[in-house]
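Numbering follows the working numbering, with no gaps: position 145 of the sequence shown is 155.
All remarks here apply to the structure that follows.
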Amino acid sequence: MSRNRMILPATFPFRTEIPVRITDINYGKHLGNDKVLTLASEARVQFIRHLGFHEWDIAGAGLIMADAAIEFRQEINYGDKLMVFVAASNIQRSGFDLFYKFMKDDGHDPACAAVVRTGMVCFDYAEKKVRGIPESFREKLSSFEVEM
């Protein structure tokens, strides 16, 4: 069976640590695929806050996830501490991509356990329509943009 492989950025300028909680574990006793997006959302909120904004208020705009891709590379278990690295790419008029690299460190040899890409779009929730990226956010986001 052929699998899609994401092409990842060479660098990830933002990082945060997120522990795997018991509520993230499925009946297979490992991280559920739906919970990977939950952990990516947490990393994204922390990244956006690092830029000085809130996901629901980016200089008057909100964010909406247009699409997502997940690629598992290693099993993730309860109690694992994940370093989640984030990079921005493909900044357009109203949206951009975020890449997340989930690194698991067992104390000996850190390994990439999963990668995620989310397509994010600026959205005006009051008018219920896509809008352009506010310039103040674009400037800060651009400093975390990496070449693909």
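Note that the Cβ used here is the ideal one computed from N, Cα and C, for glycine as well.
Please read all numbers here as calculations on a predicted model, not as lab measurements.
Q: List the endpoints of the continuous beta strand (DSSP E) containing Asp107.
A: 105-114
Q.
I'd like to check one pair, Phe57 with Phe82: are the Cβ atoms closer than 7 Å?
A. no
Q) Does the distance from the C-beta atom of Glu168 to that of Lys91 stay below 7 Å? A) What is shown of the chain runs 11 to 158, which leaves residue 168 out entirely.
Q | For Ala121, the first and last residue of its enclosing beta strand (DSSP E) | A | 121-134
Q | As assigned by DSSP and simplified to three states, the class of Ala71 | A | strand
Q) What number of angstroms, rounded off, separates the C-alpha of Ala97 from the C-alpha of Met113? A) 14 Å
Q) Run through DSSP, which three-state label would Lys91 get? A) strand
Q) Closest by CA to Ser5, which one among Ala123, His64, Val140, Ser152? A) The structure shown does not extend to residue 5, since the chain spans only 11 to 158, so no value can be given for it.
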